[in-house]
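What the sequence shown shows, in UniProt numbering, is residues 1 to 227, in sequence order.
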Amino acid sequence: MNFQPVAKSRGKLSRSPSIGCEVTNFRNPPLAAKLHGNHIDVFIDNQPVKGLVDSGASNSIISETYRRKQRKVMFLDTKPVILKVADGNYVKPLGKCVLHLTINGRTQPFQFAVMPKCRHDVILGFDFLKASQAVLDCGRAELIFNELLHDEEIDSHGIKLHGMSDSVVPARLCKFLTVQARDAQDNTDFLVEGNKVMCINQGIAVPSMITSLRKGKASIWVTNCKN
């Protein structure tokens, strides 16, 4: 696969349908929560708990044991849902709970699926990351919320990211690829957001992530969504 994304620098994310992915470099640091391994400290209805951040989980989860301990009300789901869990098995949630989740002083209600058996009390899945517009910065071990990016101005000059070499990403797998940015400012951190058009037309997805440009090179995750 010859990967040749397009990027925007120093500004709010462009929503233009250019093929590739888009990048912004932010001047004002957004709100960030520190990761401890894969966990962050959160409060659920004013009770402290460690939440596992798992972007591979489509739904956010609380365990039935934790729900009973905290005496949270559970509602039955009117639409039957079956979730695939980490060991490859399929499990039907018992129901759902709406809880008030607080991270770094920000509180928001969010819906969790209640699982009969779960190794973790709370799992923050992709639905939470998407709804919160949050980005995982694995290099800094932070969960970054990009609300403070809304006042940025769009830079009309694009930055093109070129693949260092042709790469093959197997179907339904992801790969870490090294790309070049020939005319960009070096030693800069960028927020990368995948382009929806490329994902729909080519089945190639680039997850939102933070990457660093060093000596004109950066690394990004690329997923082949096709079967």
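Quick reminder that beta carbons are idealized off the backbone N, C-alpha and C, glycines included. Given the structure is predicted, the values throughout are model-derived calculations rather than measurements.
Close beta carbons around residue i, own chain, < 6 Å, minus the five adjacent residues each side
i, result
"Asp137", "Ile144 and Ile210"
"Gly51", "Ile40, Val42, Val122 and Leu124"
"Gly56", "none"
"Arg140", "none"
Cutoff 7 Å; reference residue i; Cβ partners in own chain excluding five residues on either side
i, result
"Thr178", "Met164, Lys217 and Ser219"
"Asn2", "Low confidence applies here, because Asn2 scores a pLDDT of 38, under 50, leaving its location unreliable and the question unanswered by this model."
"Val222", "Phe3, Val169, Cys174, Lys175, Leu177, Ile204 and Val206"
"Asn103", "According to the sequence displayed, residue 103 carries Ile and not Asn. Correct list, in chain order: Ala33, Ile40 and Val42."
Where residue i falls: helix, strand or coil (DSSP)
i, result
"Cys97", "strand"
"Lys224", "Looking at the sequence itself, residue 224 is Asn, so the reference to Lys does not match. Here Asn224 sits in strand by DSSP."
"Leu35", "coil"
"Lys69", "helix"
"Lys92", "coil"
"Ala131", "helix"
"Cys174", "strand"
"Gln185", "coil"
"Lys217", "strand"
"Met115", "strand"
"Met164", "coil"
"Lys74", "Position check: residue 74 holds Met in this sequence, whereas Lys was assumed. Residue state, collapsed to three classes: coil."
Cutoff 8 Å; reference residue i; Cβ partners in own chain excluding five residues on either side
i, result
"Ser132", "Gln108 and Phe145"
"Lys215", "Asp186"
"Ile82", "Tyr90, Val91 and Lys92"
"Met74", "Arg67, Leu94, Gly95, Lys96, Cys97 and Val114"
"Asp87", "none"
8 Å contact criterion, which residue i and residue j should meet: CB distance rounded
i, j, result
"Asp127", "Ser60", "6 Å"
"Val53", "Leu35", "7 Å"
"Ala171", "Lys96", "Going by Cβ atoms, the distance from Ala171 to Lys96 rounds to 32 Å, so no, they are not a contact pair."
"Glu193", "Ala33", "Actually they do not touch by this definition, with Cβ atoms about 20 Å apart."
"Leu99", "Lys72", "7 Å"
"Leu129", "Ile44", "With a Cβ gap of about 17 Å, Leu129 and Ile44 do not count as contacting."
"Cys118", "Ser58", "Actually they do not touch by this definition, with Cβ atoms about 15 Å apart."
"Ser212", "Val135", "About 14 Å; that fails the 8 Å criterion."
"Pro116", "Val91", "7 Å"
Determine, using beta-carbon pairs with one atom in the region 56-67 and one in the region 101-118, whether at least three such pairs fall under 8 Å.
Using a C-beta cut-off of 8 Å, the region 56-67 makes contact with the region 101-118, since at least three inter-stretch Cβ pairs fall below that distance.
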